[in-house]
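K.L.:
In this note's numbering, the protein residues as written are 9 to 86.
All residues carry an ideal CB built from backbone N, CA and C; glycine is no exception.
Attaching a single structure in structure tokens format; questions to follow.
Right under this line is the structure:
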């Protein structure tokens with residue numbers, strides 16, 4: 009993997025980590041919407057790659073995990 013590819017995937021992973029929360033907690037309805045909320049100016053390749061990762065992560069999260077995420081967000085906003 010060359011430097012450009014490594015930078016691409018590091019950016020994609022960072023965006024995906026941030027985009028999982030909006031998808032799981034409700035502001036975004038699809039992985040692509042979640043990615044666009046986190047980074048609106050993202051190019052199509054990074055957007056698609058990040059959305060794929062967000063979807064894979066969301067598929068592994070259960071209701072208990074979502075409740076913990078929402079509780080943590082509530083505590084953080086008070």
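Quick check: the stretch 34–41 against the stretch 59–70, are at least 3 beta-carbon pairs closer than 8 Å?
P.N.:
They touch, by the three-pair rule.
K.L.:
Would residue 28 and residue 54 be called neighbours here (beta carbons separated by less than 9 Å)?
P.N.:
Working through the chain shown from its first residue, we reach residue 28 at position 20. Working through the chain shown from its first residue, we reach residue 54 at position 46. The answer is no: Cβ separation not under 9 Å.
K.L.:
Would DSSP call residue 47 helix, strand or coil?
P.N.:
The residue labelled residue 47 in the question sits at position 39 within the chain shown. If DSSP states are grouped into helix, strand and coil, residue 47 belongs with coil.
K.L.:
Give me the Cα-Cα distance between residue 47 and residue 15, rounded to the nearest whole angstrom.
P.N.:
Within the chain shown, numbered from 1, the residue matching residue 47 stands at position 39. Within the chain shown, numbered from 1, the residue matching residue 15 stands at position 7. Between residue 47 and residue 15, the C-alpha separation is close to 16 Å.
K.L.:
Could you give the DSSP three-state label for residue 20: helix, strand or coil?
P.N.:
Taking the chain shown and counting its residues from 1, one reaches residue 20 at position 12. Helix at residue 20.
K.L.:
Residues in its own chain within less than 7 Å of residue 31 by CB, not counting five upstream and five downstream?
P.N.:
Translated into the one-based positions of the chain shown, residue 31 becomes position 23. If we look at residue 31 and ignore the five residues flanking it on each side, its Cβ neighbours are 39, 42, 62 and 66.
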